[in-house]
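Here the structure comes first, spelled out in C-alpha cells, and everything after it is commentary.
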Amino acid sequence: MPTPESMRALVAGKVGEPNDVLRLESRPVPVPEAGQALIRVTATPIHASDLHVLRGRYGFTPEFPAVGGNMECVGRVEALGPETEGLKIGERVVTMAIPPVPGPPVAGTWQEYLVADTRRLLPVPDDLSDSEACQLAVNPLTALLLVTRVLDVQPGEWLLQTAAGSTVGRLVIQLAKHLGIRTINVVRRRDAVDEIKALGGDEVICTEDEDLLRRVAEIAGRDGVRKAVDCVAGHVGAQVSQSLAPGGELVVYGALSTHRQTDPAALTIPLSARSVIYETKVVRGFWLNRWFGSASPQDALRALSEVRDLVAASVLSIPEGRPFPLDDFSEAITLAETPARGAKPLFVFADSHDEHDG
Ligand SMILES: NC(=O)c1ccc[n+]([C@@H]2O[C@H](COP(=O)([O-])OP(=O)(O)OC[C@H]3O[C@@H](n4cnc5c(N)ncnc54)[C@H](OP(=O)(O)O)[C@@H]3O)[C@@H](O)[C@H]2O)c1
Numbered sequence: 007m008p009t010p011e012s013m014r015a016l017v018a019g020k021v022g023e024p025n026d027v028l029r030l031e032s033r034p035v036p037v038p039e040a041g042q043a044l045i046r047v048t049a050t051p052i053h054a055s056d057l058h059v060l061r062g063r064y065g066f067t068p069e070f071p072a073v074g075g076n077m078e079c080v081g082r083v084e085a086l087g088p089e090t091e092g093l094k095i096g097e098r099v100v101t102m103a104i105p106p107v108p109g110p111p112v113a114g115t116w117q118e119y120l121v122a123d124t125r126r127l128l129p130v131p132d133d134l135s136d137s138e139a140c141q142l143a144v145n146p147l148t149a150l151l152l153v154t155r156v157l158d159v160q161p162g163e164w165l166l167q168t169a170a171g172s173t174v175g176r177l178v179i180q181l182a183k184h185l186g187i188r189t190i191n192v193v194r195r196r197d198a199v200d201e202i203k204a205l206g207g208d209e210v211i212c213t214e215d216e217d218l219l220r221r222v223a224e225i226a227g228r229d230g231v232r233k234a235v236d237c238v239a240g241h242v243g244a245q246v247s248q249s250l251a252p253g254g255e256l257v258v259y260g261a262l263s264t265h266r267q268t269d270p271a272a273l274t275i276p277l278s279a280r281s282v283i284y285e286t287k288v289v290r291g292f293w294l295n296r297w298f299g300s301a302s303p304q305d306a307l308r309a310l311s312e313v314r315d316l317v318a319a320s321v322l323s324i325p326e327g328r329p330f331p332l333d334d335f336s337e338a339i340t341l342a343e344t345p346a347r348g349a350k351p352l353f354v355f356a357d358s359h360d361e362h363d364g
C-alpha cells in the first residue's frame, strides 16, 4: 500500500504547560535521505521527561514548533533512503531518540511517521508487545546502567531507591532480584507497599507514614546504606543522602518532586555540608544522554541489546502501558502526572494506511 502524503503530529508551538501548547496538526510525511529510514510509528510513551522538555526544563530544549515525545517509539520500516542498507522494509524497530551515535537527534515521536538515521534503530522481535517495545530503550537501559555500571552493586549489597513504583523502580527491583542484590524501596503511598513487595522488593519504606532515616537504620544498620539511586530529589533526596553510610554514594537520575514547582527553593536537594565533608559522601547525577555521549557506539549497542535480551527472556518485565489515541492527548497528558495513576499512558496509532485510505 502506498505511503500517504500527510500524517498527524502532536506539535508544541512554544515552551509551556503541555496541554496549553500542544496541538494536533497535519504535516507532510517526511522523505528519508541516504542513511535514513522512514518509520511508521505504532506506539510511543508519554514519559515525565517528555513533559519536562515541553516546559523548557529538561537537559535540552528543541527548536519550537516541535513535535512532542523526545525519547522513544516502536514502529515498522516503511521506506529506506537511497543506498541505505542494513534494514528491511517492514522490519520492526525501536527508535533511540537519544543519540547512541553522533548527528542530529531523532525528531519527536508523537507523530505517525518519522525519519531516523538507521544507526539509531534497533530491530526488535515481534513477540514483544508494542507497549514493551516502545518503552525498551530508556527506562530498562537506565535501570541496567544504574545498577550494573554506574553503582556496580554487588550480590548481597543493599541498594536504596526512591519512587520504587515507577517503571525504572520496578525494573531495578527485578534486575536486583536476578542479580542477588537486596533492595530498600521508598514509595510515597501506603497503597503501593504490597505491590512492591509482591514484585520482589526486599524492604519497603512508605514516606506517607514512616520515617525514612529511622527505617533505613533499622534495615541496613546505624551506618546506613552504601549505594542509593534517587529520582525524586527535594526533601526525599536529601533524606536519602543522609541515610548513606560514610563513603556511600547517591546517584540522582530524576527530580520528580520538582517538575511542577516554580519556587527556586523547591528545585534543590538540600545536602548536609557536614555529612558530605566529614563522611565523604558522594552525590552525583546520571543522564542517559550523557552516558550515550561518553559510551562508544559499540558499548551503547551492547547495553541496548543486553536490555532487549533481558526483556525477551522475561527477566525484566516492563509494566504494560495504557493506550490512548492521539485525539485524546489532553486526557493522556493529564493522566501521565496524576498521582497513583497506574499504567503509563502511551500514544498508539491506528493503522495509518486504513485511516488515509478510508
Ligand atoms: N536520568 C536519566 O537518564 C533517566 C532515564 C530514565 C528515567 N529517568 C527518570 O526516572 C524517573 C522515573 O521515570 P519513569 O518513567 O520510571 O516513571 P513512571 O513510570 O512515570 O512513574 C512515576 C512514579 O514516580 C512516582 N512519583 C511521581 N512524583 C513523585 C513525587 N513527587 N514523590 C515521590 N514519588 C513520585 C509515582 O508515584 P505514585 O504511584 O505514588 O503516583 C510513580 O510511581 C523520572 O524522573 C524520569 O525522568 C531518568
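For the sequence shown, this note's numbering begins at 7 and goes up steadily by one. Beta carbons are placed, not taken as given, at the ideal position from N, Cα and C, and that holds for glycine.
Subject >> CB of Gly260 within 8 Å of CB of Val231, strictly >> reply: At a Cβ-Cβ threshold of 8 Å, Gly260 and Val231 do not count as neighbours.
**OP:** Evaluate contact between the region 296-312 and the region 262-281, counting only Cβ atoms and requiring at least three cross-stretch pairs below 8 Å.
**Re:** No, the region 296-312 is not in contact with the region 262-281.
Original post:
How about Thr148: is its Cβ closer than 7 Å to a heavy atom in ligand 1?
Top reply: Checking every heavy atom of ligand 1 against the Cβ of Thr148, one is found closer than 7 Å.
**OP:** Could you tell me the boundaries of the beta strand (DSSP E) in which Thr124 lies?
**Re:** No beta strand (DSSP E) holds Thr124; DSSP gives it neither H nor E.
Original post:
Got a sec, what are the start and stop residues for the alpha helix (DSSP H) Ile202 sits in?
Top reply: For Ile202, the enclosing alpha helix (DSSP H) covers residues 199-205.
Original post:
Using the beta-carbon count (16 or more within 10 Å), is Asp217 buried or exposed?
Top reply: Answer is exposed; the Cβ neighbour count stays below 16.
**OP:** Please confirm whether any heavy atom of ligand 1 lies closer than 7 Å to the CB of Gly227.
**Re:** Gly227: no, Cβ never under 7 Å from ligand 1.
Original post:
If you draw a straight line from the alpha carbon of Ser320 to that of Leu181, how long is it in whole angstroms?
Top reply: A straight line joining the alpha-carbon of Ser320 with that of Leu181 spans about 11 Å.
Subject >> Supposed contact pair Val80 and Val100 - C-beta distance, whole angstroms, cut 8 Å >> reply: Val80 and Val100 do touch by the CB rule: their CB atoms are close to 5 Å apart, below 8 Å.
**OP:** Ignoring anything shorter than 3 residues or poking outside the region 294-330, list the beta strand (DSSP E) runs there in chain order.
**Re:** Runs found: 328-330.
Subject >> Residue nearest to Leu86 in terms of C-alpha spacing, selected from Leu250, Gln248, Ala43 >> reply: The residue with the shortest Cα to Cα distance from Leu86 is Ala43.
Original post:
Which whole-angstrom value describes the C-beta separation of Pro36 and Val121, a residue pair presumed to lie in contact below a C-beta threshold of 8 Å?
Top reply: Correct: roughly 5 Å between the Cβ atoms.
Subject >> Boundaries of the beta strand (DSSP E) in which Asp236 is found, first to last residue >> reply: Residue range 231-236 is occupied by the beta strand (DSSP E) that includes Asp236.
Original post:
Is the beta carbon of Glu31 less than 8 Å from the beta carbon of Ala15?
Top reply: Yes, these two residues count as a Cβ contact at 8 Å.
Original post:
Is Gly65 near Ala18, with beta carbons less than 8 Å apart?
Top reply: No, they are not a contact pair.
Original post:
For the candidate residues Pro146, Ser249, Pro329, whose alpha-carbon lies nearest to that of Ala234?
Top reply: Here the closest residue by C-alpha is Ser249.
Original post:
What is the DSSP secondary structure of Leu30, reduced to helix, strand or coil?
Top reply: Strand at Leu30.
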